[in-house]
Every structure is written in C-alpha cells, then in structure tokens.
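Presented below is the structure to which this report refers.
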C-alpha cells in the first residue's frame with residue numbers, strides 16, 4: 001500500500017495542472033481518477049474508499065464520478081500522510 005500511496009502523491013503533484021477543466025466541481029470518471037492516482041486498480045480504489053482515504057463518488061446512472069477538487073485534495077493528503 002505504501003508504494004501505491006507514494007505513486008498517488010507523485011501523480012497528484014504532476015497532474016494537478018494537466019487537467020483541462022480547473023473547476024473543482026468538474027467530474028472525473030472512475031477510470032480517470034484511477035489514472036490520476038498512479039494507475040491504481042479498481043480494487044485498490046474500492047479499498048481506499050472503504051478505508052476513508054478517497055471521497056465517496058457521485059453515482060450517475062450506475063457509474064462512479066469524483067468531484068475533481070475533493071479527489072485531488074484526497075490524493076494530496078495521501079501523500080502527506082504517507083510522508084509522516
């Protein structure tokens with residue numbers, strides 16, 4: 001898990017400026033969110049949500065979407081928690 005957290009923190013720093021829509025309420029698909037978190041698996045995403053490391057997604061027609069601002073904040077906090 002430590003490796004995934006480190007990768008997620010690095011990915012958050014590297015991609016924060018690369019996302020086309022800077023609005024914090026923009027929605028990220030679950031696949032986009034996993035890529036931003038360092039190419040984590042769907043199971044890792046689920047575990048991080050269960051453990052409270054990621055925010056709960058918004059469900060639209062049975063698909064998960066994350067609010068960009070809260071997701072990126074969670075990734076940044078993962079990096080600071082991992083470094084401590």
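In this note's numbering, the protein residues as written are 1 to 84.
For every residue, glycine included, the Cβ atom is placed at its ideal position computed from N, Cα and C.
Could you check if residue i is buried or exposed, using at least 16 other CB atoms within 10 Å of its CB as the buried criterion?
i: residue 72; result: buried
i: residue 57; result: buried
If you draw a straight line from the C-alpha of residue i to the C-alpha of residue j, how long is it?
i: residue 53; j: residue 61; result: 24 Å
i: residue 69; j: residue 46; result: 19 Å
i: residue 35; j: residue 76; result: 15 Å
i: residue 65; j: residue 30; result: 6 Å
i: residue 43; j: residue 37; result: 13 Å
Go to residue i, then tell me how far its alpha helix (DSSP H) extends in each direction, as first and last residue.
i: residue 35; result: 30 to 36
i: residue 56; result: Residue 56 -> no alpha helix (DSSP H), and no H or E assigned at all.
Please report the Cβ distance between residue i and residue j, rounded to the nearest whole angstrom; I am assuming they are in contact, meaning their Cβ atoms lie under 8 Å.
i: residue 55; j: residue 26; result: With a Cβ gap of about 14 Å, residue 55 and residue 26 do not count as contacting.
i: residue 67; j: residue 22; result: Wrong, their Cβ atoms sit about 13 Å apart, outside the cutoff.
Got a sec, what are the start and stop residues for the beta strand (DSSP E) residue i sits in?
i: residue 67; result: 63 to 67
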